[in-house]
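Protein chains: 2
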Amino acid sequence: MITHMEKYRNIGIKLTPQRLAILNYMEGNKSHPSADTIYSAVSKKFPTMSVATVYNTLEALKNKGALQELTIEPGKKRYDPDITSHHHLICTECKDIIDIFKKFKLDLSDSMANGFDIKGNHIEFYGICSKCSK
Amino acid sequence: MITHMEKYRNIGIKLTPQRLAILNYMEGNKSHPSADTIYSAVSKKFPTMSVATVYNTLEALKNKGALQELTIEPGKKRYDPDITSHHHLICTECKDIIDIFKKFKLDLSDSMANGFDIKGNHIEFYGICSKCSK
DNA sequence: ATATCAGTTTGGAATTATTCTTGTCAATTG
DNA sequence: CAATTGACAAGAATAATTCCAAACTGATAT
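From first to last, the protein sequence lines are chains R and D.
For the first sequence, counting from 1, position 62 maps to 62 in my numbering; every step adds exactly one.
Add 1000 to the 1-based position in the second sequence for my numbering, that's all there is to it.
Printed below as a string of structure tokens:
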């Protein structure tokens, strides 16, 4: 059985209490929080932590493939601990984001790819959520 | 025949030299520039223009449907004068963006839509462009 | 168990992108 | 022509993020 600690060690970066706190906060988190939201939450239990640590940790975890950065809301990055390829449905009013796990066929012809080595794709569906449409 | 001026008048905002300069810069522009890039370019011919005017104009043009705002590169918005629905292929190295005009079937079941009133979608393909892969 | 050191944290300054405010001017209206 | 409105410039203010230098610490090798 793999414990949290073992799993976290496999990420390949030095474990510190601050990083553990961020990892625990992100574990299973479906709210796609921004750095600021993460900082607010984690610094409650860790009052001396600086925002720089949050940014450093998120960048390190992204580079190790432990989470993904979402470029969905203008002006800020958001983070998702689910690193499997999936898509997102975004409310243009409240910026709420929900996950879409359906697979789509998205082949580009060579001529369209224009010499690109294509690594992946991401679909954003946008609309108005039920709360905001009331 | 519709002249530029007539076409621009149809946008529905008051035309000013500054706005014309921005419209002319964006006309047919495939480079998906940021506000800063637009400011740099347009202020060469219009040295007294302020960044606020660029932001105001881009916001106004977006609201009038004369261009679209792209949330693709973290940390800054980019703008596209092509308002038809299309997708983008982004180089993760140099942030170059090229247009993809192919149509894809992207239906979501009602259960996945989760009460959302879906208005549209946008696919970003990402990869490494030929220049950067060298 | 301890020393070592590369990697990490902190707090604040700096930077970047964007928005806001204020005074001014130009165009339109009455 | 006076009043109103809309737009502009310049710079201040804000928000998100990055950078920096000094102090600290987890992991590894002794």
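All C-beta atoms, glycine included, are put in the ideal place defined by N, C-alpha and C.
As DSSP reads the structure, HIS1122 of chain D sits in a beta bridge with R:GLU124.
Straight-line spacing of the CA atoms in ASP82 of chain R and GLU93 of chain R works out to 24 Å. Taking CB atoms only, LYS95 of chain R has no neighbour in chain D less than 8 Å away. In the DSSP annotation of this structure, the continuous segment of the alpha helix (DSSP H) that includes LEU1061 of chain D starts and ends at 1051 to 1063. Per the coordinates, the alpha-carbon of HIS1087 of chain D lies some 14 Å from the alpha-carbon of TYR126 of chain R.
Per DSSP, LEU20 of chain R is not a residue of any beta strand (DSSP E); the alpha helix (DSSP H) it occupies stretches across 17 to 26.
Listed along chain D is no residue with a C-beta nearer than 9 Å to that of GLU59 of chain R; the closest approach is about 11 Å.
Cβ-Cβ separation between LYS1064 of chain D and GLY1012 of chain D: approximately 5 Å, consistent with a contact (criterion under 8 Å). ALA52 of chain R sits exposed, since fewer than 16 C-beta atoms from the chains shown fall within 10 Å of its C-beta. CA-to-CA, the gap between LYS1014 of chain D and HIS1032 of chain D works out to about 24 Å.
With its beta carbon less than 8 Å from one in chain D, GLY120 of chain R belongs to the interface. The stretch 110 to 125 of chain R makes no contact with the stretch 1023 to 1043 of chain D, as fewer than three CB pairs between them are under 8 Å.
At a cut-off of 8 Å, the C-beta of TYR126 of chain R has a neighbouring C-beta in chain D.
In this structure ASN121 of chain R touches ILE1123 of chain D by the C-beta definition: roughly 6 Å separates them, less than 8 Å.
SER1034 of chain D has D:ARG1078 as its beta-bridge partners, per DSSP. Taking 8 Å as the cut-off, the beta carbon of ASP117 of chain R is found no closer than this to the beta carbon of SER1085 of chain D. Bounds of the alpha helix (DSSP H) holding ASP110 of chain R are 110 to 113.
Here THR48 of chain R is not near ARG19 of chain R, since their CB atoms are 8 Å or more apart. In the DSSP assignment, CYS91 of chain R falls within the unbroken beta strand (DSSP E) covering 87 to 91. One finds PRO1074, GLY1075 in chain D with Cβ atoms closer than 9 Å to the Cβ of LYS77 of chain R, taken in chain order.
Considering only D:LEU1106, D:GLU1073, D:LYS1105, D:LEU1108, the residue with the shortest C-alpha distance to ILE1097 of chain D is D:GLU1073. For GLU1069 of chain D, the secondary structure class from DSSP, reduced to helix, strand or coil, is strand. The beta carbon of LEU23 of chain R lies closer than 7 Å to those of TYR8 in the same chain, with the five residues before and after it left out. The Cβ-Cβ distance between PHE104 of chain R and LEU1106 of chain D falls below 8 Å. Chain R places no beta carbon closer than 8 Å to that of ASN1056 of chain D, leaving this residue out of the contacts. Boundaries for LYS14 of chain R: no alpha helix (DSSP H) harbours it, and the DSSP string shows neither H nor E there.
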